[in-house]
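Engineer: Dumping the structure here so I can ask a few things about it.
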Amino acid sequence: MGVAKGLERLAAEKGALGDSAARKRLLALFDEGSFTELDRFAKNGDKPCEVITAYGSIAGAPAYAFSQDVSVSSGAMGRVQAQKIARVYDLAAENGLPVVGIYDSNGAHLDEGADALAAYGDLIGKSNRLSGVVPQISVVLGACIGSLALLASLADVTVMAEGAEFYCVSPAIAGDKSGRVGTADTAAKNGAAHLVAADEEAALEYVKTLLSLLPGNNLSVAPLADYTPAAGDAAALRAGDSPVKVLEAVADAGSILELSAAFGPCAHTYLCRIGGSPAGVVANDGEKEGRMCADACVKIARFVRMCDAYSIPVVTFVDTAGFVANKETELSGSVKEAALLTHAYAEATTQKIAVITGKAYGPAYIALAGRASGADVVYAWPDAVISALEPLTAVSVLYKDRIQAGEKREDLAAAYVQQAASAFDAAALGYVDDVIEPAETFQRIATALDMLSGKRVTTLSKKHSNMPL
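This is the structure in structure tokens:
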């Protein structure tokens, strides 16, 4: 074939690929001019393959990505598509780079039978082996159903656009007539989606922000940025302030990204920067909810494990009366989720800083800010209350006779806080490193992060821990 003929065929083959939504999504995701397609001319029979794979830079960071093409055979998963995606996983493993998967497929190639099932199984295995090695981000922009939803859910973070579908069992089979199964709102509330975007463009912007806050792999360092003073007023911080107000007075302006906001809303998880360094932040909402529910425990545990996998420091703002306690939660075995949270903190070897801004009672204190959780540094605000029991409950046990004699329980509780459950009492016993003014919070955290930057921990030899899942 002559040069001219070759060029003619190249132009024809490129023209046959068209300008699909899948390719446009990748072009919008990668930095301008960096999109480089892989296996461009791979085919499934006489049709182009149902997925486009590529590498390039995203927000300045090199990464791999794939985007399912619903315009070809409805994006059906089969042997050829799986081979293209598998190569992306293999290259990501070899080069230590993140993987972004854009999902839009109506199912599998049913005519491929067992081959289609094997394709899913191979990809799930590869994704699982990469878990905790390189960041994986799933972006659900169309239908992501059945086995494909399992694959997408293995990622560190799942981003979903409004109008997309995300479920394991179809609404018809599940017997749902409400229209809520598989929606973005439902996925956000049940924790399946960490971020929900109004449209595709916003979803891809979330990916860029995430990759700017995560390292390329578990052996590298998350990218640093110039320090931008916090937007909030540190001098105005007071005990009982909302997590958002506290974080806005500590984190670099414009760097805060909340994950799983609608799931377990009595606690909050954020990626952000503090003094230019990426950090993960966990915060309780003491005024809004007061206690942590089972969903909040699961959310925090998963977030802490992700941060630990990539050596991202975890900063915890503690203000909680403990875990939700009633007959229903005890009958449902909520202790499992509380233990899961405790395990995640105790097992994590990344830098851990706790700031007790309000209440820290009983098991919740132990899990979030106690020495048993492996906290490297613990600070407390002057009005913090650190107690084995809620003060009103504690005095009911300690001063039962005095209450029966007519003394008010509220007065006894106030005295108990001042005499035995204050931040100063905990500091005197060595359980708090320092009692600090709220306005000092940023500087103390930034200094601690710098001091702990070289942290190294050697653990006992084992295959893995047995988490109380």
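Its first residue numbered 14, the sequence shown is counted upward by one per residue in my numbering. Note that beta-carbon positions come from the ideal geometry of N, C-alpha and C, so glycine has one too.
Within a Cβ cutoff of 6 Å, which residues of the same chain sit near residue 390, ignoring the five residues on either side of it in sequence?
Structural biologist: Around residue 390: 366, 446 and 461.
Engineer: Put residue 173 into one of helix, strand or coil per three-state DSSP.
Structural biologist: In the structure shown, residue 173 sits in a strand (DSSP, three-state: E or B).
Engineer: With H, G and I counted as helix, E and B as strand and the rest as coil, what does DSSP make of residue 2?
Structural biologist: The chain is shown only over 14 to 482; residue 2 falls outside these bounds and no answer can be derived.
Engineer: Alpha carbon to alpha carbon, what distance is there between residue 239 and residue 449?
Structural biologist: Their backbone Cα atoms lie some 26 Å apart in a straight line.
Engineer: Between residue 292 and residue 326, how many whole angstroms is the CB-CB distance? I'm expecting something under 8 Å.
Structural biologist: Correct: roughly 5 Å between the Cβ atoms.
Engineer: DSSP on residue 43, reduced to helix/strand/coil?
Structural biologist: Coil.
Engineer: So what's residue 399 in DSSP terms, helix, strand or just coil?
Structural biologist: It is a strand residue.
Engineer: Measuring only the C-alpha atoms, how far is residue 174 from residue 193?
Structural biologist: The straight-line gap from Cα to Cα measures roughly 15 Å.
Engineer: Tell whether a beta-carbon distance below 7 Å holds between residue 270 and residue 284.
Structural biologist: It is a contact, given that the beta carbons lie within the stated cut-off.
Engineer: At which residue ranges does the segment 62 to 150 contain complete alpha helix (DSSP H) runs of 4 or more residues, listed in the order of the chain?
Structural biologist: 92 to 108 and 127 to 143, all fully within the segment 62 to 150.
Engineer: Take residue 62 and list the residues in its own chain whose beta-carbon comes closer than 7 Å to its own, dropping the five residues that flank it on each side.
Structural biologist: Only 55, 56, 93, 94 and 97 meet the Cβ criterion.
Engineer: Cα separation between residue 115 and residue 151?
Structural biologist: Going from the Cα of residue 115 to the Cα of residue 151 covers about 6 Å.
Engineer: Taking the alpha helix (DSSP H) that residue 414 falls in, what are its first and last residues?
Structural biologist: Residues 413 to 417.
Engineer: How far does the alpha helix (DSSP H) with residue 422 in it extend, from its first residue to its last?
Structural biologist: Per DSSP, residue 422 belongs to the alpha helix (DSSP H) from 422 to 433.
Engineer: Leaving out five residues before and five after residue 242 in sequence, what residues of the same chain have Cβ atoms less than 7 Å from its Cβ?
Structural biologist: Hits under 7 Å: 266.
Engineer: In terms of residue numbering, what span does the alpha helix (DSSP H) encompassing residue 350 cover?
Structural biologist: Residue 350 -> alpha helix (DSSP H) spans 348 to 360.
Engineer: Using only CA atoms, which one of 181, 169, 176 and 111 lies nearest to residue 120?
Structural biologist: The shortest Cα separation from residue 120 among 181, 169, 176 and 111 belongs to 181.
Engineer: Would you tell me roughly how many angstroms separate the C-alpha atoms of residue 131 and residue 80, rounded to the nearest one?
Structural biologist: Spanning the two alpha carbons is a distance of roughly 20 Å.
Engineer: Look up residue 11 in the DSSP assignment and say whether it is helix, strand or coil.
Structural biologist: Residue numbering for the chain in the displayed model covers 14 to 482; residue 11 lies beyond these limits and cannot be assessed.
Engineer: By the DSSP assignment, the beta strand (DSSP E) with residue 392 in it spans what residues?
Structural biologist: 390 to 393 is the extent of the beta strand (DSSP E) around residue 392.
Engineer: For residue 144, collect the residues of the same chain with a Cβ closer than 7 Å to its Cβ; drop the 5 residues on either side in sequence, then sort them by chain order.
Structural biologist: Contacts found: 167.
Engineer: Of all the CB atoms in chain B, is at least one closer than 7 Å to the CB of residue 133?
Structural biologist: This model lacks chain B altogether; it includes just one protein chain.
Engineer: Apart from the five residues on each side of it in sequence, which residues of its chain come closer than 7 Å, Cβ to Cβ, to residue 219?
Structural biologist: For residue 219, where only same-chain residues beyond five positions count, the Cβ hits under 7 Å are 172, 208 and 210.
Engineer: Which whole-angstrom value describes the C-beta separation of residue 306 and residue 279, a residue pair presumed to lie in contact below a C-beta threshold of 8 Å?
Structural biologist: Between residue 279 and residue 306 the Cβ distance is about 6 Å, and since that is below 8 Å, they are a contact.
Engineer: Could you spell out the range, first to last residue, of the beta strand (DSSP E) harbouring residue 218?
Structural biologist: Note, residue 218: premise wrong, no beta strand (DSSP E); alpha helix (DSSP H) at 213 to 226.
Engineer: Here's a check: name, in chain order, each residue in its chain whose Cβ is nearer than 7 Å to the Cβ of residue 310, leaving out the five neighbours to either side.
Structural biologist: These residues qualify, in order along the chain: 350, 351, 353 and 354.
Engineer: Let's test the definition: count the other Cβ atoms within 10 Å of the Cβ of residue 287 and tell me whether it reaches 16, buried, or not, exposed.
Structural biologist: The residue is buried, with at least 16 neighbouring Cβ atoms inside 10 Å.
Engineer: Please name the residue, chosen from 157, 197 and 138, that lies closest to residue 176 on a Cα-to-Cα basis.
Structural biologist: The residue with the shortest Cα to Cα distance from residue 176 is 197.
Engineer: Excluding sequence positions up to five away, which residues of its chain have a Cβ less than 6 Å from the Cβ of residue 439?
Structural biologist: Closer than 6 Å at Cβ, skipping near neighbours: 399 and 445.
Engineer: According to DSSP, is residue 479 part of a helix, a strand, or is it coil?
Structural biologist: Reduced to three states, the DSSP call for residue 479 is coil.
Engineer: Between the alpha carbons of residue 23 and residue 51, how many angstroms are there, rounded?
Structural biologist: In this predicted model, residue 23 has a pLDDT of only 49, less than 50, meaning its place in the structure is not dependable; the value taken from the coordinates is given anyway. Those two C-alpha atoms are separated by around 15 Å.
Engineer: In three-state DSSP terms, what is residue 450?
Structural biologist: In this structure, residue 450 counts as coil in the three-state DSSP scheme.
Engineer: Contact check, residue 78 vs residue 39 under 8 Å by CB: the rounded distance?
Structural biologist: At roughly 6 Å, the Cβ-Cβ gap stays under 8 Å, so residue 78 and residue 39 are in contact.
Engineer: How is the beta strand (DSSP E) around residue 290 delimited, first residue to last?
Structural biologist: From DSSP, the beta strand (DSSP E) with residue 290 extends over 290 to 297.
Engineer: Candidates 424, 69, 466 and 359: which alpha carbon is nearest residue 479's?
Structural biologist: Of 424, 69, 466 and 359, the residue nearest in Cα terms is 359.
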